[in-house]
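Numbering (the numbering used here), first residue to last: 6 to 181. Each residue gets a CB set at the ideal place from its N, CA and C atoms; glycine is no exception. The structure appears right after this line, and notes come after that.
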């Protein structure tokens with residue numbers, strides 16, 4: 006296992022940190038996590054209020070999640086989206102059972118930004134319209150299309166982005 010200094014040095018040398026000015030990244034070599042805490046190489050605990058971008062919102066290392074990952078990996082680590090598999094079809098059926106009537110198809114993606122990119126494509130294809138309304142001060146992901154519809158100021162170096170995006174201010178609920 007690498008020591009913390011080596012992990013930090015190799016990260017600085019070989020890893021591009023998204024949405025960040027590389028020279029200003031504050032590196033924290035994380036060694037492990039449990040529940041809502043993660044720990045650095047010195048044993049310092051950090052309370053994770055963002056659940057790692059909302060990816061571990063039931064906590065780190067939840068025993069049921071770890072067991073399910075192990076079980077699935079032992080059966081099949083990956084199969085492309087054009088092939089059928091019991092786990093995927095079962096989950097899609099379960100989602101359809103709780104979705105509003107008429108919504109029974111699920112498109113599985115690897116993350117939120119990919120989901121947003123596909124939502125843009127489907128919305129434009131289905132409606133035939135090109136305009137997308139988005140809020141200032143919103144975040145939809147780090148890919149080109151998702152950045153384009155987001156209101157995050159970090160998108161500015163990549164402007165103008167995809168065409169047809171109209172941004173609106175957040176509602177002023179006091180006046181509603």
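Since residue i contacts residue j with CB under 8 Å, what's their CB separation in whole angstroms?
i, j, result
"residue 24", "residue 169", "Their Cβ separation, rounded to whole angstroms, is 23 Å, which puts residue 24 and residue 169 out of contact at 8 Å."
"residue 71", "residue 63", "11 Å between Cβ atoms; not a contact."
Specify the secondary structure class of residue i as computed by DSSP and reduced to three states.
i, result
"residue 160", "helix"
"residue 12", "helix"
"residue 36", "strand"
"residue 55", "coil"
"residue 103", "helix"
For residue i, which of the options has the nearest alpha-carbon?
i, options, result
"residue 59", "48, 41, 47 and 45", "41"
"residue 32", "140, 9 and 151", "9"
"residue 65", "83, 174, 158 and 36", "36"
"residue 28", "38, 14 and 165", "14"
"residue 93", "104, 67, 135 and 114", "114"
"residue 174", "157, 162 and 132", "157"
Quick check: residue i and residue j, are their CB atoms within less than 9 Å of each other?
i, j, result
"residue 160", "residue 152", "yes"
"residue 111", "residue 128", "no"
"residue 12", "residue 46", "yes"
"residue 167", "residue 149", "yes"
"residue 172", "residue 138", "yes"
"residue 90", "residue 81", "yes"
Three-pair Cβ contact test at 8 Å for the segment 114 to 128 versus the segment 140 to 155: yes
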